[in-house]
Structures are given as structure tokens and as C-alpha cells.
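Engineer: Sharing a structure here in C-alpha cells format.
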Amino acid sequence: MNNRWGPLRWGSAQAGISLSLASSGWLLSGLTPSPLINSLLPALTTLPALLPLKRRAGGFCWILGSAVVLLVLCSPMASAVQPSLLVIVVLLAGLTIALGQDISQHPLQLNLLQAPDLNFPQLRLASEIGALLGFLLTGLIRPGFHQFLPASLLLLPLLPLACRPPSAAVQGISLPRFNREAALQGLLFGGFFGLLPLWVRTIADGNCLNFGMVLTAYGLGRTLSSHATDPWSFRGHYALIAALLGVGQISPGWMTTLLFLPMGSLAAATDRQLVATLTPDDPAHGWQILQRSGSLGGLVGVLVMGGLAQGVGLQLVLGLQLVLFISAPLLMRSVR
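Listed below in C-alpha cells is the structure:
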């Protein structure tokens, strides 16, 4: 396939992945009301980034296979399956998607970037737009079978690239180093977004459309800020996010959804600033460091917040999240 289609193929795959993971989160929140069990899905999806796994493009096939498994799980063929077994399958499928994404992302990017007319910022923009499309489809498409079918189809265009023999550049990929600031940022955002499906379903009394619109607003904010300048410092970004979370606690549902638009923009800005300090000359590797270290923090954040929500309730944990974002600048300074 012509190299000029590279960003389109990459964006399509990211849309399939985000649609699969977001739909899995909503499916799990309907199978069990337990905050701790719901927190296990985002915890498991962060786990692969912490493991010393060999990077290879063929891992993308695991993503497609898991999406197909979820598709079958939501079909009439699985109508007799016990809910407890469904929970286990959803958790394992989410873990497998994350495994495939972690080991295949960098090799696939390197394969695509071998084209002389393609650069990393183009792939980043394709990633943001693809994720945004996946979030939008999560809200617009009927939950279950009707979500996982297009998710599987969106993954197909990148499959031929995943099946190619690995190049020398791909075989020499090493694991990203650990960064404490990225881990702390992962803890903040992971703890918040890990319980978002359950929060929308229970506290906000919303449906899958509401959940999808929240994710879409967040993704749109990230996409719109891709080429924007960053006038704020780390401290300014976190202070504004904390303010938005505070306003969201007392706002009607539609306004809370809109608040995720600037929140996504601010989150993307913190990512860019952190990557720029990690590896100024190699943004692709910087994003890998951010993802791996952020996954460790996200794992801790999700499990801690899920355990607290199980004991004291979601509402109090949301208040704790607000306090953490307010204190984030001080926490960031302490780990530098």
C-alpha cells in the first residue's frame, strides 16, 4: 500500500484500539458495580508497559484477536455465559489489547517512518484524531456487539504492516528508561480516568452516550492543542485542571462534559512539555518513556483509588482527586 496512506492506516488502528478499550470499560461497569473490580481493567492495561517484553510488530495481531473475542462475547452466541465469567474474559481481553499495543506500537511506528515523506508529528496527530474517532463512536454506537464490530474493522488496515518481517531498526529497540515525573503524572490521570465509566454510570446517572461524549470532549481537546503553543507551566496546567474538576463537581451534566474539552487540551500540553524535557532530539523515544513510566504511576493510582472507592465511596474519592491535582505542582517539584 502507498506510504502516503500511512497516517490514515495508523489513525484507523488507534480508533479501533480506543473504541475497544472504552467499550470494554463501559461493558465492565455494567457487569459489576464494584469500584475495585472496575479499577482492575485500567490497571491491567497499564501492566504490560512495565514488563521487559520484546518489541515486535506482530503483537498487533493480539489486539485484533481480542477485539474479535469481545465481539463474540457480546453476540447471541454468548448469551448463556455467566456474568462472573464475562467479567474475567473482559479483563483478560483488555490485558491482551494492552500487551499487543505496548509491544507493537514502536516497531510499527518505525516501519511507517521509513517512508521519506512521513514524520513523527504526523503520526502523533493521526493518533490523536484516531483516538478521538474511537471515543466518538463509543458514544454514538449501541453498546456491546455493535461497538466491537467496527472496532475490529478499524484495526484491519494496519494488519499487513504488522505481518511484515522485522527490519534491523526494529530489532534493535531497547526498553525506555524510567522517569519519576512521568510516573507521577500517570498516577494523577490514571487514578481519575480509571473509574470514569463507573462514575458516569452511577454518580452522574449517565449512559454510554454520555460516557462517549465525555471521552470525545477530552480527545477533541487533545487534538485541538496538538500544534498550539504552551503559555502555561506545569504548575499552571495542573492548577487549571484542578479548577475544572472543582467546577465539574457542582455543574449539570452537559456542562461537566464540556469541561473535559479544556481538560484534554491541558493534559496534552503537560505531555508535550514533559516529553520535550525528556528527549528533546527524539520525541518518539520521549513518548515511549512517558508511556512506560506513566503506566507505572497509573497502575498505582488506579488500584489505590479503586480500593478507596470500594471502602468510602466514589464521591469522596473524586474529592481526593481534586486535592491531588491542586497539590500536583508541589509533588512534581519534590520528585525532580
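Residues in the sequence shown are numbered consecutively from 352, following my numbering.
Cβ coordinates follow ideal geometry from the N, Cα and C atoms, glycine included.
Would you kindly check if the distance between the Cβ of Ser417 and the Cβ of Thr396 is under 7 Å?
Structural biologist: no
Engineer: What's the C-alpha gap between Pro393 and Leu424?
Structural biologist: A straight-line Cα-Cα distance of about 19 Å links Pro393 and Leu424.
Engineer: Which word fits Met564, buried or exposed, when buried means at least 16 other C-beta atoms lie within 10 angstroms of its C-beta?
Structural biologist: buried
Engineer: For Pro384, which of helix, strand or coil comes out of DSSP?
Structural biologist: coil
Engineer: Considering just the uninterrupted stretch of the alpha helix (DSSP H) at Phe529, what are its terminal residues?
Structural biologist: No alpha helix (DSSP H) holds Phe529; DSSP gives it neither H nor E.
Engineer: Report yes if the C-beta distance between Ser455 and Gly410 is below 7 Å; otherwise report no.
Structural biologist: Yes.
Engineer: Please tell me whether Ser380 and Leu506 are closer than 7 Å, where the distance is taken between their beta carbons.
Structural biologist: no
Engineer: Indicate the three-state DSSP secondary structure (helix, strand or coil) for Ile601 in the structure shown.
Structural biologist: coil
Engineer: Give me the Cα-Cα distance between Ile592 and Phe676, rounded to the nearest whole angstrom.
Structural biologist: 7 Å
Engineer: Can you give me the Cβ contacts of Thr383 inside the same chain, cut-off strictly under 8 Å, excluding the 5 residues immediately before and after it?
Structural biologist: Asn389, Pro434 and Val438
Engineer: Any idea what DSSP makes of Ile492, helix, strand or coil?
Structural biologist: coil
Engineer: Once the 5 residues before and after Leu682 are set aside, which same chain residues still bring their CB inside 7 Å of it?
Structural biologist: Leu535
Engineer: Do Leu688 and Gln460 have their C-beta atoms within less than 7 Å of each other?
Structural biologist: Limits of the chain in this structure are 352 at one end and 687 at the other, which puts residue 688 out of reach.
Engineer: Below 8 Å on the Cβ atoms is my contact criterion, and I expect Leu538 with Gly649 to pass it. Report the Cβ-Cβ distance as a whole number of Å.
Structural biologist: 7 Å
Engineer: With distances taken from CA atoms, which of Met606, Ser374 and Leu359 is nearest Ser478?
Structural biologist: Leu359
Engineer: Of all the options Ser503, Gln452 and Asn462, which has the alpha carbon lying nearest to the alpha carbon of Leu421?
Structural biologist: Ser503
Engineer: Would you verify that the beta carbon of Ser375 is, or is not, closer than 7 Å to some beta carbon of chain B?
Structural biologist: The chain inventory of the structure shown lacks chain B, comprising one protein chain alone.
Engineer: Quick one: using the 10 Å Cβ neighbour count with 16 as the cut-off for buried, is Gly662 buried or exposed?
Structural biologist: exposed
Engineer: Is it the case that the Cβ atoms of Ile640 and Pro472 are separated by a distance below 7 Å?
Structural biologist: no
Engineer: Buried or exposed for Leu674, going by 16 or more other Cβ atoms inside 10 Å?
Structural biologist: Sequence check: residue 674 is Val here, not Leu. Exposed: under 16 other Cβ atoms inside 10 Å.
Engineer: Using C-beta distances below 6 Å, list every residue in its chain close to Ala568, excluding the 5 sequence neighbours before and after it, in chain order.
Structural biologist: Thr608, Phe611 and Leu612
Engineer: One question on the structure: do Gly570 and Val653 come within less than 7 Å of each other, judged by their Cβ atoms?
Structural biologist: no
Engineer: Alpha carbon to alpha carbon, what distance is there between Cys559 and Leu487?
Structural biologist: Rounded to the nearest angstrom, the two C-alpha atoms are 11 Å apart.
Engineer: By Cβ distance, which residues of its chain are closer than 8 Å to Val441, with the 5 residues on each side in sequence left out?
Structural biologist: Ser375, Leu378, Leu379, Leu382, Leu392, Leu421 and Leu424
Engineer: Taking the continuous alpha helix (DSSP H) assigned at Cys412, which residues delimit it?
Structural biologist: Counting along the chain, the alpha helix (DSSP H) containing Cys412 begins and ends at Phe411 to Leu424.
Engineer: Is Val432 helix, strand or coil when you go by DSSP?
Structural biologist: If DSSP states are grouped into helix, strand and coil, Val432 belongs with coil.
Engineer: Taking the C-alpha atoms as reference points, what is the distance between Met614 and Val598?
Structural biologist: Taking C-alpha positions only, Met614 is separated from Val598 by approximately 12 Å.
Engineer: CB-CB under 7 Å to Ala660, same chain, minus the five flanking residues each way: which ones, in chain order?
Structural biologist: Take Ala660, set aside five residues on each side of it, and the residues of its chain with a beta-carbon closer than 7 Å to its own are Pro386, Leu546 and Val668, in chain order.
Engineer: Count the other C-beta atoms from every protein chain shown that fall within 10 angstroms of the C-beta of Phe544, then say buried if there are 16 or more, exposed otherwise.
Structural biologist: buried
Engineer: Candidates Asp622, Arg407, Gly367 and Gly658: which alpha carbon is nearest Glu532's?
Structural biologist: The shortest C-alpha to C-alpha distance from Glu532 to any of Asp622, Arg407, Gly367 and Gly658 is the one to Asp622.
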